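Take the sequence shown: its position 123, counted from the start at 1, is 123 in full-length UniProt numbering, and no numbers get skipped.
By construction, the Cβ of each residue, glycine as well, lies at the ideal position given by its N, Cα and C atoms.
Keep in mind the model is a prediction, meaning the values are calculated, not measured.
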Amino acid sequence: MANIPVSIPRPLVRTNQWSIVLSVLASWLTGEAWILATPLLAGIMGLLFGYNPIMRAAKLFLRKNPADYIPEDWEQQQFNQVIAVACLALGLISFLLGWTAAGYVFTAMVALSAFVAILGFCIGCFIRFQLNQYKYRKSYKA
Numbered sequence: 001m002a003n004i005p006v007s008i009p010r011p012l013v014r015t016n017q018w019s020i021v022l023s024v025l026a027s028w029l030t031g032e033a034w035i036l037a038t039p040l041l042a043g044i045m046g047l048l049f050g051y052n053p054i055m056r057a058a059k060l061f062l063r064k065n066p067a068d069y070i071p072e073d074w075e076q077q078q079f080n081q082v083i084a085v086a087c088l089a090l091g092l093i094s095f096l097l098g099w100t101a102a103g104y105v106f107t108a109m110v111a112l113s114a115f116v117a118i119l120g121f122c123i124g125c126f127i128r129f130q131l132n133q134y135k136y137r138k139s140y141k142a
């Protein structure tokens, strides 16, 4: 039996990315750091339980069968989500501790990377590719 790669329909991934971008912008504009908790908790739930409520809600609006959309690799999205959760958590904690500059840096990084991914270049994918290349070269020399 062949292993079927697990994938996520691109519109669900894009919805998650937009939720990050819009939450960061909303928190900046309102000064309410707690807005960051929404994509943060959704991301944590996705990593721990495989259930991202933002993606699950967006799935209700898909017009076609999920398999008919361009697939995004599940493992790659998990890697990206770890980075996003880390940046959102560090941003939220920084804002709550009054470390405003650090809060802006972490949230800007995650918002910018999500927005660039929406435009077509995945920074997390590039990082993972370079990490895998490094591991391969290291194992090849041994």
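Sequence-distant residues of its chain with Cβ nearer than 6 Å to residue i (five each side left out)
{"i": "residue 21", "result": "111, 114, 115"}
C-alpha gap between residue i and residue j, whole angstroms
{"i": "residue 32", "j": "residue 74", "result": "32 Å"}
{"i": "residue 55", "j": "residue 41", "result": "12 Å"}
{"i": "residue 100", "j": "residue 140", "result": "44 Å"}
{"i": "residue 94", "j": "residue 79", "result": "23 Å"}
{"i": "residue 36", "j": "residue 134", "result": "33 Å"}
{"i": "residue 104", "j": "residue 19", "result": "17 Å"}
{"i": "residue 24", "j": "residue 71", "result": "26 Å"}
Buried or exposed by the 16-neighbour rule on C-beta atoms within 10 Å, applied to residue i
{"i": "residue 67", "result": "exposed"}
{"i": "residue 48", "result": "exposed"}
{"i": "residue 129", "result": "exposed"}
{"i": "residue 106", "result": "buried"}
For residue i, the three-state DSSP class (helix, strand or coil)
{"i": "residue 177", "result": "The structure shown has nothing for residue 177, since the chain only spans 1 to 142."}
{"i": "residue 83", "result": "helix"}
{"i": "residue 72", "result": "strand"}
When the options are compared against residue i, the one with the closest alpha-carbon
{"i": "residue 82", "options": "102, 52, 69", "result": "52"}
{"i": "residue 63", "options": "123, 88, 9", "result": "9"}
Contact set for residue i: own chain, Cβ-Cβ below 7 Å, skip 5 residues either direction
{"i": "residue 17", "result": "114, 117, 118"}
Own chain residues within Cβ distance below 8 Å of residue i, not counting five before or after
{"i": "residue 131", "result": "none"}
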